[in-house]
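Okay, structure first, notes after.
There are 2 protein chains.
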Amino acid sequence: MSTAKKILIADDEPDILEIIQFNLQTEGYEVFTAKNGDEALEQAKKYQPDLIILDIMMPGKNGIDVCNILRMQPAFKETLIVFLSALSDEGTEIRGLETGADDYLTKPISPKILLSKVNALFRRLNKEGNNLLQLGDLKIDREKYIINYLDNDIILARKEFELLALLASKPGKVFLRNEILNQVWGTEVIVGDRTIDVHIRKIRQKLDLDCITTVKGVGYKFEL
Amino acid sequence: MSTAKKILIADDEPDILEIIQFNLQTEGYEVFTAKNGDEALEQAKKYQPDLIILDIMMPGKNGIDVCNILRMQPAFKETLIVFLSALSDEGTEIRGLETGADDYLTKPISPKILLSKVNALFRRLNKEGNNLLQLGDLKIDREKYIINYLDNDIILARKEFELLALLASKPGKVFLRNEILNQVWGTEVIVGDRTIDVHIRKIRQKLDLDCITTVKGVGYKFEL
DNA sequence: TCTAATATTATCAAATTGTTAACCACATGC
DNA sequence: GCATGTGGTTAACAATTTGATAATATTAGA
Numbered sequence: 052m053s054t055a056k057k058i059l060i061a062d063d064e065p066d067i068l069e070i071i072q073f074n075l076q077t078e079g080y081e082v083f084t085a086k087n088g089d090e091a092l093e094q095a096k097k098y099q100p101d102l103i104i105l106d107i108m109m110p111g112k113n114g115i116d117v118c119n120i121l122r123m124q125p126a127f128k129e130t131l132i133v134f135l136s137a138l139s140d141e142g143t144e145i146r147g148l149e150t151g152a153d154d155y156l157t158k159p160i161s162p163k164i165l166l167s168k169v170n171a172l173f174r175r176l177n178k179e180g181n182n183l184l185q186l187g188d189l190k191i192d193r194e195k196y197i198i199n200y201l202d203n204d205i206i207l208a209r210k211e212f213e214l215l216a217l218l219a220s221k222p223g224k225v226f227l228r229n230e231i232l233n234q235v236w237g238t239e240v241i242v243g244d245r246t247i248d249v250h251i252r253k254i255r256q257k258l259d260l261d262c263i264t265t266v267k268g269v270g271y272k273f274e275l
Numbered sequence: 052m053s054t055a056k057k058i059l060i061a062d063d064e065p066d067i068l069e070i071i072q073f074n075l076q077t078e079g080y081e082v083f084t085a086k087n088g089d090e091a092l093e094q095a096k097k098y099q100p101d102l103i104i105l106d107i108m109m110p111g112k113n114g115i116d117v118c119n120i121l122r123m124q125p126a127f128k129e130t131l132i133v134f135l136s137a138l139s140d141e142g143t144e145i146r147g148l149e150t151g152a153d154d155y156l157t158k159p160i161s162p163k164i165l166l167s168k169v170n171a172l173f174r175r176l177n178k179e180g181n182n183l184l185q186l187g188d189l190k191i192d193r194e195k196y197i198i199n200y201l202d203n204d205i206i207l208a209r210k211e212f213e214l215l216a217l218l219a220s221k222p223g224k225v226f227l228r229n230e231i232l233n234q235v236w237g238t239e240v241i242v243g244d245r246t247i248d249v250h251i252r253k254i255r256q257k258l259d260l261d262c263i264t265t266v267k268g269v270g271y272k273f274e275l
């Protein structure tokens, strides 16, 4: 598990700052605050947050200025930036987004919705790359279509791979033969009784690892 | 330059569909539309859009259902999904975002703002600022259309280049034949079964480097 | 023990991909 | 206008892999 995500909030209204801070902390985020644009820049440099929530109207440098300054620096090219403003006119919102922000939210906003939006942003950000199951020494990469056991790549044919991926998607769960047929073969195709067995056999053989258990009369399950 | 980004819009109000379609097309996006949930699923499967804009209240399957169904399929795990709804109650919005959507917009919305939001989403998604890929001894310059291997320039034809550039954009990832067709050939053109193979063959030949692996029944992947 | 369920093995047809050559469209230079 | 070259697609066939089945052996459990 990675360390908690860091969020910096900049707003000149202490009340709002506090409410948001409380809600985000409750959700497990590490939160920093700033009361104006210059403080926001300082804090950003100091803590390198993963997400910055910027009010637009602040004394001194406003939010858009801050965003511009940040986006010019390589260190903040990829940082998530969200505006949170009472200004809801079209021009400002468009300008805000074109500055390179990832979202533009308008006050008043429910803390829960803010939280959902923040979660959605992080969800998208983290989606980069990793589509793989890690099960002990066994790695199943759906994107690369590779099984890796103890650093050895194992080549499975399509059906074999899909079957193993299915079983391994819920370790311990017993998949009925019907479920397996539906998931791997689809509902249209009809195949004989022994087809599943044969594929299971091939997986067991290639993996050389006792990880698929037969539950007689029911189905199969994956377990290390 | 890669092909235009594809956007699918699903809404049961023809007027809205048309306005949004027009605005997005003007901006250079390739737009598909659907009048209800089921149609949205069909179109999504058919065109593999980069972004899907879903109305929530639609006859038959509603937007949230559609999102749920899409997110369960590997092919749509990474697709951008945005809700656009007249429902502005907190519960729905939160549920929408937790379903795995990237944003939740409320009607009425100014076309310009929608455009800005869409642009912002694509901006974040495309980490590609770098027009040249460096992969071991292989350099791919998307701007100049030049491949260089061990200091030798290799001339590839356009389709060959785009195909290689696509595969190399995510080393290791297996690109389905469908994905390849959509990305390199576009959705309008229909080409025969062997076309991809022939191009792959030409690349392999010109590159004289074993970097493209066949995953039978699935697709191709680039790997050094 | 006895039986139904599963494992194993070999085999073969079907599906998938590789390879080559031919064809057409289009651009280029003469 | 005419040869020439290039890029892109397809057709035809070869090579390969896959996955289903049949036949048989083995096992778990009532």
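For the protein sequence lines, the chains are A and B, in the order given. Note that my numbering has the first sequence beginning at 52, numbered continuously upward. Note that my numbering has the second sequence beginning at 52, numbered continuously upward. We put the CB at the ideal spot given by N, CA and C, even for glycine. All of these numbers come straight from a predicted model, not from anything done at the bench.
In the three-state DSSP reduction, asparagine 199 of chain B falls in the strand class (E or B). Residue pairing of threonine 265 of chain A in beta bridges, as defined by DSSP: A/Tyr271. DSSP, reduced to helix, strand and coil, places glutamate 78 of chain A outside both helices and strands of the structure shown, so it counts as coil. Of all residues in the region 147 to 164 of chain B, only Gly147, Leu148, Glu149, Gly151, Ala152, Asp153, Asp154, Tyr155, Ser161, Lys163 and Ile164 come within less than 9 angstroms of chain A when Cβ atoms are compared, listed by chain position.
Using a CB distance cut-off of 9 angstroms, lysine 86 of chain B does not count as an interface residue toward chain A. Taking a C-beta cut-off of 8 angstroms against chain A, the contacting residues of the region 251 to 275 of chain B are Val266, Lys267, Gly268, Val269 and Lys272, listed in chain order.
With fewer than 16 neighbouring CB atoms inside 10 Å of its own CB, aspartate 244 of chain A falls in the exposed class.
Each of B/Ile132, B/Glu239, B/Gly270 and B/Ile70 was checked against the Cα of glycine 114 of chain B, and the nearest Cα belongs to B/Ile132. Distances from the alpha-carbon of aspartate 261 of chain B to those of B/Ile251, B/Leu275 and B/Val269 put B/Leu275 closest. For the 9 angstroms CB-CB criterion, glutamate 90 of chain B and alanine 137 of chain B do not form a contact.
Nothing from the region 215 to 237 of chain A brings a Cβ to less than 7 angstroms from some Cβ of chain B.
Closest in alpha carbon position to leucine 186 of chain B, among B/Arg174, B/Leu215 and B/Ala171, is B/Leu215. Here glutamine 76 of chain A is exposed. Its C-beta has fewer than 16 other C-beta atoms within 10 Å. Taking C-alpha positions only, asparagine 170 of chain B is separated from proline 159 of chain B by approximately 19 angstroms. Closer than 9 angstroms to the CB of isoleucine 145 of chain B there is at least one CB belonging to chain A. Between tyrosine 200 of chain B and lysine 210 of chain B, the C-beta gap is not smaller than 9 angstroms, which leaves the two residues out of contact.
Here threonine 238 of chain A carries a coil assignment [DSSP, helix/strand/coil].
Note on methionine 109 of chain B: 16 or more other CB atoms within 10 angstroms of its CB, so buried under the neighbour-count rule. For asparagine 170 of chain A, the nearest CB of chain B lies under 9 angstroms from its own CB, placing it at the interface with that chain. Contact annotation for glutamate 81 of chain B against chain A: no contact, minimum CB-CB distance about 22 angstroms [criterion: below 8 angstroms]. Phenylalanine 273 of chain A is positioned such that its CB atom lies closer than 9 angstroms to that of lysine 224 of chain A. Taking C-beta atoms as the reference points, isoleucine 71 of chain A and isoleucine 104 of chain A count as a pair closer than 9 angstroms. In the three-state reduction of the DSSP assignment, aspartate 62 of chain A falls in the coil class. Rounded to the nearest whole angstrom, the CA to CA distance from asparagine 233 of chain A to isoleucine 251 of chain A is 16 angstroms. Looking at the DSSP output, isoleucine 205 of chain A bridges to A/Ile198. Taking the C-beta atoms as reference points, isoleucine 164 of chain A is found nearer than 9 angstroms to isoleucine 145 of chain B. The criterion of a C-beta distance shorter than 9 angstroms is satisfied by serine 167 of chain B and glutamate 149 of chain A. Within the region 86 to 136 of chain A, the runs of beta strand (DSSP E) at least 3 residues long that lie entirely inside it are, in chain order, 102 to 105 and 131 to 136.
Counting along the chain, the unbroken beta strand (DSSP E) around isoleucine 191 of chain A starts and ends at 189 to 192.
Minimum Cα-Cα distance from lysine 56 of chain A among the listed residues A/Asp66, A/Ser220, A/Phe83 and A/Glu64 corresponds to A/Phe83.
Interface with chain B (9 angstroms Cβ-Cβ cutoff): arginine 175 of chain A is included.
For lysine 195 of chain A, the nearest CB of chain B lies under 9 angstroms from its own CB, placing it at the interface with that chain. Annotation: the continuous beta strand (DSSP E) that includes leucine 156 of chain B extends over 154 to 157. Residue-level contact check: serine 136 of chain B does not touch chain A, since none of the beta carbons of chain A fall below 9 angstroms from its beta carbon.
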